[in-house]
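A quick write-up on the structure given underneath.
2 protein chains.
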Amino acid sequence: MTGVGVGGLFDPERVAVVGATDREGSVGRAVLENLDSFDGEVVAVNPSRDSVLGYRCHDSLADVPDIDLAVVVVPPSVAVEVVRAAGESGIENVVVITAGFGEAGSEGAARERDLAAVADEYGLTLVGPNSLGIMSTPASMNATFGPADALPGSMSFMSQSGAFITAALDWAGDQGIGFRHVVSLGNEAVLDETDFVEAWGDDETSVVLGYLEGISDGRAFIDTARDVTDETPVVLVKSGRTEAGAQAASSHTGTIAGSDAAYEAGLDQAGVVRAENVQQLFDYARALDGLPLPDSDSVAVVTNAGGPGVMATDAVGDSTLSMASFTDETLDALADALPENANRYNPVDVIGDAGVERFRTALDTVLGDPNVGAAVVVAAPTAVLDYADLAEVVGEAQDAHGLPVAAVLMGGSRAAEPAARLRESGVPNYFDPARAVDSLDALARQRRIAERDYEPPREFDVDREAAREILEEAADRGETRLGVEAMGLLDAYGIPTPEGGIAETPEDAVSLAHEVEGDVVMKIVSPDILHKSDIGGVKVGVPNEGVYDAYEDLVSRARNYQPDATVLGVQVQELVDTDRGTETILGVNRDPQFGPLVLFGLGGIFVEVMEDTTVRVAPVSEREADGMLSDIHAAPLLRGARGREPADLDALRESIERLSQLATDFPAILELDINPLVATADGVQAVDVRLTIDPDDL
Amino acid sequence: MTGVGVGGLFDPERVAVVGATDREGSVGRAVLENLDSFDGEVVAVNPSRDSVLGYRCHDSLADVPDIDLAVVVVPPSVAVEVVRAAGESGIENVVVITAGFGEAGSEGAARERDLAAVADEYGLTLVGPNSLGIMSTPASMNATFGPADALPGSMSFMSQSGAFITAALDWAGDQGIGFRHVVSLGNEAVLDETDFVEAWGDDETSVVLGYLEGISDGRAFIDTARDVTDETPVVLVKSGRTEAGAQAASSHTGTIAGSDAAYEAGLDQAGVVRAENVQQLFDYARALDGLPLPDSDSVAVVTNAGGPGVMATDAVGDSTLSMASFTDETLDALADALPENANRYNPVDVIGDAGVERFRTALDTVLGDPNVGAAVVVAAPTAVLDYADLAEVVGEAQDAHGLPVAAVLMGGSRAAEPAARLRESGVPNYFDPARAVDSLDALARQRRIAERDYEPPREFDVDREAAREILEEAADRGETRLGVEAMGLLDAYGIPTPEGGIAETPEDAVSLAHEVEGDVVMKIVSPDILHKSDIGGVKVGVPNEGVYDAYEDLVSRARNYQPDATVLGVQVQELVDTDRGTETILGVNRDPQFGPLVLFGLGGIFVEVMEDTTVRVAPVSEREADGMLSDIHAAPLLRGARGREPADLDALRESIERLSQLATDFPAILELDINPLVATADGVQAVDVRLTIDPDDL
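If you're matching them up, the sequences are chains A and B in order. Just so you know, we're using full-length UniProt numbering here: the first sequence kicks off at 1 and counts up by one. Just so you know, we're using full-length UniProt numbering here: the second sequence kicks off at 1 and counts up by one.
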């Protein structure tokens, strides 16, 4: 992300094509031809031609004043110089279509670094390189070399795959789907997905949709998108979801894919409506573009066909929606309006002999019910039902009630015209009830996104300096892996740890033990001994009178095991009754795109066998931390299921937030695991900790 | 299921329409009009007309000889008599379109029972009542009152929703999808889904597809379908999957929906390829109809577009398929054939400047690789790629290699003609790579179904009489809920239980305790005391010398708690070390459609909080029992994860099979729970049991 916005990329008055040519099959020719219908002026630049396709050719950008956008299609070897010339001429917006940069070996990567440096020097808003180009239908501008044009529309579309734009536009044109702006992001030497989300959040774009294989700066994306998505929906396919897909994406783009768990969390925190595939991408975007948001998650189904009505109901059951319960008034009104053998409960079955008027009455009645937030109309063809009339009725009901309606006028060609009529009202029509419901589900997801109030993470009063000292001391000792000797980090950030401390002499140990109530746990503290239990380096339940001897025994075991091991002392810790509480795991790791991720789950088998964990991108807000506590399957155990003591959820939530603050404050912490963090009704205690640091990041 | 087959329903020579009329908008007229194109002879029956739509009208079926099929569209009040008349006239096949039977209150239900009785008396193969009718394209017969006709094809289609047939045929006609036989099952007074699966498994039907809301006899369906599905794929939408959907289906059809877990298990055991929605139903059926089965689950992706290739790869990751690893020969051949910047690893990217010949070479090469079982071709439109040629190449490659290929020629109208060409080769074409891969996944599922060798459940040598005695004694005592007093049932069926038994005197208890090694567990045995622990009715770890007193104490606690409680004695049981083994739960419950279901899971939180269980319809084969042990998420724990002792899987498997045999032998057992069944490395022990019986079923 540049922070400079996308400038005047989409509303130029004069566009220069550098590398303009009339060579059959060339990219330069294709761009020039596509710009034929441009509202403004097209300027051709090519020093080796006098004219191209009727355009007079200029030798260089320096020769033509007042160019708003330069489209670069020259060979890679001269591309950087052309862009510099553009900068010199005062051109602010550049689209580099030329390929042969970061995607093409180390030479290309060097060239891309040069390009970015030039762009930075002149403050260019630059798309590409290796881009298909950009389009802006308000300016009638198609500055791509693709074979398809975009219909006008209000959605804006970005893609890290140029081929996908080509394919999608070709298909969308047939479906009557239009776009406002389209950008093929290419290698993102300068402008990336975050810049366009920001720009489209501020203009007349109704819905942002996109195909991404990666997000270069996850944190910037979240912060930007969060501000956009409460007003403007953002629907994305992030591919490389699966291990196989991630590998393919990485070999395709040359970038290292972050974990999908990070993307899942990050996109959710950003308020993105994530689509799993192409069909969902366009289904969701169209629904969000054409329909109002529902005012609740409750759906009414109105049908003339029992079976398809059941299918729609199943789809509701699969979604985040629920079947609406009608008020008594609605039920009475339906009873009056429908024949006796109709079903007035949801799904409402107006039965097979229903004409359009019965549909109208039923639909009006249920949409007027305060318990109904959206509706699906499911119709099978009958002799007495005219689909064209039904399309009219559905459109009118949708307008009158201001609630979203999706249609399933099942059938082949008989449904085509009515579907087009529905589309004009913004109502999608599908053959499969499940797709219609899934589209409404996207609206409900967007409603929840728009409604959620983002509160910034709480800032706790912590002892940052103490934490820094601990990390720096470890770094000074040349250590990258820390154990209980780092418990002080947690103390510094207010995450409760058991009473006790690290003793450097047997006498220290005895006095520490006296400060603690009851017997103690003693552990050897040595960065060189990872598996302390294996060498008998842990003693549980040591009474005060045994502490002195235990200290000496632990140290001598360590010396015997590894004579040259650094022994920092012995940890003397209050004995935490892990049987009483619930063992949880709280951890941090670092994602290449999103930075620190906070992970939470119950300990042991829950994490290792059931894989029941949840992550968020740090910094984590209070609401997000709360979400983590209810996200895991085992959440009922925290609330006291199966006779367990309920855990102190406030303390758990706060520990998540404090750890998130620690991870955000210290990029040097690569990984950190509190395992277990024991949660009881009275609070939490971090019994053990391990971390890995990168001293260079301190 | 009747067991009499479907007779000559689909190949009659003379069809009578009883209730023929020319009244505008009537069902009788619609049927007569639809039969216009019938290959055979149509006979109209209506005592109040002389002729209808050019057909001479007969007064009754008795007046016309040699009718092969009677289609009944008379009012419900006379329908049963008309069917009797058909039987009297020697007509064997009847379709009752008339509604007003089981779906219409108690009067209708009585009428439906009469209809079934008449059909039984005359041995009729009867479809309906409340059916849309049937179709047979080989006979050019449309004996329905629906507005759409079926194109000829080789798939046969059944539906419990007539409206869905209407909708689906209308749509399918447009898509070029044809059918062999179509039946609207109606209320299934006689013939049901199982009859048609059986019949279509024996004729030229290529694929059976269907929409069902319920299966009347689950066990019969499984046994029948299992024999069919290894040759003829059966693809079904079973709706009412979700709670909301099940409720809707039940109010629509008036039947009690079984649990979806039972359907999930039953359909899987039957070898059905289950589709979640309408789109999958037709995607799967078309793929199974048009394409050969793959010879492995490994897929190759060939594309000219990186992004869509990644999407296809993600879809493979989501499926039961995997990305093929090419042999060195394949990689070398691809290196020779493709440009340097192409990607020869899977997904193969022939890159954007590829013409059709490069696709041909790549596709031929990967399909020739022994590691490749199927392929997906993903193309984005470019100036140098002709989709018509590509369709040709894909069709040829598919024919040449005998492996399934799915196509994703992305785009709008430019893809329409090529898609039609592909369809002729049986190759489906989709805009969304995910749908193409999902279709191949259905083929892979069918391959596994066809390959699995069904072995009937093992019959263990059990003491059925002893089990019967225990159940009968309980029934004689008027008990329906049994506890540890029923441990003998498990003994009789060879499911290991701890040493011990039930003592009726303190002396008995002492002598039982002496037979057992170590301390014992003692529990009060009383059908009237459900929560034994609450009243101190369980003593764990009683040494031999304490057994006498413990007996008296337990009995007196029971008497104090509930003076009139029946006390059958005290159970004296070997102390099972539950800490050592893994606690599992093994249970039985009875589904209205499928009969006894066997449930397995790990105990405690795994069942109650994580809901990690698996079910099968009994009787359970050895392979099916084995599947249960690996189905649960916690399965690694049984194999010894997290330092646990590995469980004796053979003993667990055998316990499942033995319990399945018990449940199958005794329909009186409504519910049974062995909780816990403790599994160690040396075997299993059923520590506690509870069951509910229905004495009337003994």
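Positions of the beta carbon are idealized from the N, C-alpha and C atoms, including for glycine. This one's a predicted model, so the numbers in the text were calculated from it and none came from an experiment.
Subject >> Contact set for A/ARG423: own chain, Cβ-Cβ below 8 Å, skip 5 residues either direction >> reply: Indexing the first sequence from 1 puts residue 423 of chain A at position 423. In the same chain as A/ARG423, and ignoring 5 residues on each side of it, the C-beta atoms closer than 8 Å to its own belong to GLY176, GLY290, ASN429, in chain order.
**OP:** Could you tell me which of A/VAL94, A/ASN93, A/ASN142 sits nearest to A/ASN34, measuring between CA atoms?
**Re:** The residue labelled residue 34 of chain A in the question sits at position 34 within the first sequence. Per the Cα distances, A/ASN142.
Original post:
Is the Cβ of B/ILE585 closer than 7 Å to any Cβ of chain D?
Top reply: Of the protein chains in the structure, A and B, none is chain D.
Subject >> Three-state class that DSSP yields for B/ASP283 in the structure shown >> reply: The residue labelled residue 283 of chain B in the question sits at position 283 within the second sequence. Here DSSP, grouped into helix, strand and coil, assigns B/ASP283 to helix.
Subject >> Residues of the segment 592–609 of chain A whose Cβ lies closer than 8 Å to any Cβ of chain B, in chain order >> reply: Listed by position, the residues of the segment 592–609 of chain A near chain B (Cβ gap below 8 Å) are GLY604, ILE605, GLU608, VAL609.
Original post:
Considering only the beta carbon of each residue, do A/GLY178 and A/PRO152 sit closer than 7 Å?
Top reply: Here residue 178 of chain A is taken as the residue at index 178 of the first sequence, counted from 1. Here residue 152 of chain A is taken as the residue at index 152 of the first sequence, counted from 1. In contact: A/GLY178 and A/PRO152 (Cβ atoms closer than 7 Å).
Subject >> Collapsed DSSP secondary structure at B/THR578 in the structure displayed >> reply: Residue 578 of chain B sits at position 578 when you count from the first residue of the second sequence. In the three-state scheme derived from DSSP, where H, G and I count as helix and E and B as strand, B/THR578 is classed as coil.
Original post:
Using the beta-carbon of each residue, which ones in chain A are nearer than 9 Å to B/MET135?
Top reply: Counting from one through the second sequence, the residue named residue 135 of chain B turns up at place 135. Within chain A, no C-beta atom comes less than 9 Å from the C-beta of B/MET135; the nearest is roughly 16 Å away.
Original post:
Below 7 Å between beta carbons: does that hold for B/THR613 and B/GLY601?
Top reply: By 1-based counting over the second sequence, the position of residue 613 of chain B is 613. By 1-based counting over the second sequence, the position of residue 601 of chain B is 601. Taking a C-beta distance under 7 Å as the contact criterion, B/THR613 and B/GLY601 qualify as a contact pair.
Original post:
Among B/ARG286, B/ALA79, B/TYR211, which has the Cα closest to the Cα of A/VAL310?
Top reply: By 1-based counting over the first sequence, the position of residue 310 of chain A is 310. Of the candidates B/ARG286, B/ALA79, B/TYR211, the one whose C-alpha sits nearest the C-alpha of A/VAL310 is B/TYR211.
Original post:
Of all the residues that make up the segment 314–325 of chain A, which are near chain B by a beta-carbon distance shorter than 8 Å?
Top reply: Cβ contacts with chain B come from ASP314, ALA315, VAL316, GLY317, ASP318, SER322, MET323.
Original post:
From this set, B/LEU575, B/GLY271, B/GLY426, which residue's C-alpha is nearest B/ILE449's C-alpha?
Top reply: Position 449 of the second sequence, counting from 1, holds the residue named residue 449 of chain B. Comparing Cα positions, the closest option is B/GLY271.
Original post:
DSSP three-state call for B/ASN429: helix, strand or coil?
Top reply: The count along the second sequence starts at 1 and reaches residue 429 of chain B at position 429. Looking at B/ASN429 - three-state DSSP - the assignment turns out to be strand.
Original post:
At what residues does the beta strand (DSSP E) containing A/HIS633 begin and finish?
Top reply: The residue you call residue 633 of chain A lines up with position 633 of the first sequence. Note, A/HIS633: premise wrong, no beta strand (DSSP E); not H, not E.
Original post:
So which residues of chain A does B/GLY245 contact, with C-beta pairs closer than 7 Å?
Top reply: The residue given as residue 245 of chain B occupies position 245 in the second sequence. Those are VAL310, THR313, ASP314, GLY317, listed as they occur along chain A.
Original post:
Pick from A/ASN544, A/SER296, A/PRO506, A/LEU490: whose alpha carbon is nearest that of A/VAL516?
Top reply: Taking the first residue of the first sequence as 1, we reach residue 516 of chain A at position 516. Looking from the CA of A/VAL516, the closest CA among A/ASN544, A/SER296, A/PRO506, A/LEU490 belongs to A/ASN544.
Original post:
By how many angstroms is the C-alpha of B/PHE282 removed from the C-alpha of residue 702 of chain B?
Top reply: Since the first residue shown for chain B is 1 and the last is 698, residue 702 of chain B is missing from the structure and cannot be characterised.
Subject >> Residue burial classification, B/SER37 (beta-carbon count within 10 angstroms, cutoff 16) >> reply: Sequence index remark: in the second sequence, residue 37 of chain B carries index 37 (1-based). It counts as exposed.
Subject >> Whole-angstrom distance between A/LEU482 and A/GLY488, CA atom to CA atom >> reply: Residue mapping note: residue 488 of chain A aligns to position 488 of the first sequence, counting from 1. Residue mapping note: residue 482 of chain A aligns to position 482 of the first sequence, counting from 1. Take the alpha-carbon of A/GLY488 and the one of A/LEU482: they are about 11 Å apart.
Original post:
Is any beta-carbon of chain B found at less than 7 Å from that of A/ASN277?
Top reply: In the first sequence, counting from the first residue as 1, residue 277 of chain A sits at position 277. With respect to chain B, the C-beta atom of A/ASN277 has a partner C-beta closer than 7 Å.
**OP:** Pick helix, strand or coil for B/GLU424, following the three-state DSSP scheme.
**Re:** If you number the second sequence from 1, residue 424 of chain B lands on position 424. Three-state result, B/GLU424: helix.
Original post:
In terms of DSSP beta bridges, what is A/VAL539 paired with?
Top reply: Taking the first residue of the first sequence as 1, we reach residue 539 of chain A at position 539. The sequence shown places Lys at residue 539 of chain A, not Val. In the DSSP assignment, the residues bridged to A/LYS539 are A/MET522.
**OP:** List the DSSP bridge partners of B/GLN571.
**Re:** Counted from its first residue, the second sequence places residue 571 of chain B at position 571. Under DSSP, B/GLN571 shares a beta bridge with B/ILE502, B/LYS523.
Subject >> Close Cβ partners of B/HIS633 (< 6 Å) along its chain, the five nearest in sequence each way excluded >> reply: Taking the second sequence and counting its residues from 1, the one referred to as residue 633 of chain B is at position 633. Only ASP612 meet the Cβ criterion.
Subject >> Any C-beta of chain A under 7 Å from that of B/THR680 >> reply: On the second sequence, position 680 is the one that residue 680 of chain B refers to. Output row for B/THR680: interface = no.
Subject >> Sequence ranges, beta strand (DSSP E) only - wholly within the segment 383–459 of chain A, length at least 3 >> reply: Segments of the beta strand (DSSP E) lying fully in the segment 383–459 of chain A: 405–409.
Subject >> Interface residues of chain B facing A/HIS633 [CB-CB closer than 7 Å] >> reply: Looking up residue 633 of chain A in the first sequence gives position 633. Under the 7 Å cutoff, chain B gives MET610.
Subject >> Supposed close pair A/ALA663, A/LEU652 - CB separation, criterion 8 Å >> reply: Walking along the first sequence from the start, residue 663 of chain A turns up at place 663. Walking along the first sequence from the start, residue 652 of chain A turns up at place 652. At roughly 17 Å, the Cβ-Cβ gap does not stay under 8 Å, so A/ALA663 and A/LEU652 are not in contact.
Subject >> Proximity to A/ILE669 [Cα-Cα], best of A/ASN675, A/GLY587, A/GLY627, A/LEU677 >> reply: By one-based count along the first sequence, residue 669 of chain A stands at place 669. Check the Cα spacing between A/ILE669 and each of A/ASN675, A/GLY587, A/GLY627, A/LEU677: the tightest is with A/GLY587.
Original post:
Whose C-beta lies closer than 7 Å to the C-beta of A/ARG130 among residues of the same chain, with five residues either side of it excluded?
Top reply: In the first sequence, counting from the first residue as 1, residue 130 of chain A sits at position 130. Per the sequence shown, the amino acid found at residue 130 of chain A is Asn instead of Arg. These residues qualify, in order along the chain: ALA99, PHE101, GLU103, GLY186, ASN187.
Original post:
B/ASN560 lies in the alpha helix (DSSP H); which residues open and close that run?
Top reply: The residue labelled residue 560 of chain B in the question sits at position 560 within the second sequence. If you look at B/ASN560, you'll find it in the alpha helix (DSSP H) that goes 547–561.
**OP:** Report all residues from its chain with a CB closer than 6 Å to the CB of residue 704 of chain B; omit the five preceding and five following residues, and keep chain order.
**Re:** Residue 704 of chain B is absent from the structure shown; chain B starts at 1 and stops at 698.
Subject >> Listed by chain order, chain A residues near B/ASN341 by CB distance under 8 Å >> reply: By 1-based counting over the second sequence, the position of residue 341 of chain B is 341. Near B/ASN341 (Cβ distances below 8 Å), the residues of chain A are ALA104.
Original post:
Would you call the CB atoms of A/GLN573 and A/VAL510 closer than 7 Å?
Top reply: For the purposes of this step, residue 573 of chain A is taken as residue 573 along the first sequence, with counting starting at 1. For the purposes of this step, residue 510 of chain A is taken as residue 510 along the first sequence, with counting starting at 1. The criterion of a C-beta distance shorter than 7 Å is not satisfied by A/GLN573 and A/VAL510.
Original post:
Thinking C-beta only, is A/SER156 closer than 7 Å to A/TRP200?
Top reply: By 1-based counting over the first sequence, the position of residue 200 of chain A is 200. By 1-based counting over the first sequence, the position of residue 156 of chain A is 156. For the 7 Å CB-CB criterion, A/TRP200 and A/SER156 form a contact.
Original post:
Looking at the structure shown, is A/ASP39 part of a helix, part of a strand, or coil, going by DSSP?
Top reply: In the first sequence, counting from the first residue as 1, residue 39 of chain A sits at position 39. Coil, per DSSP.
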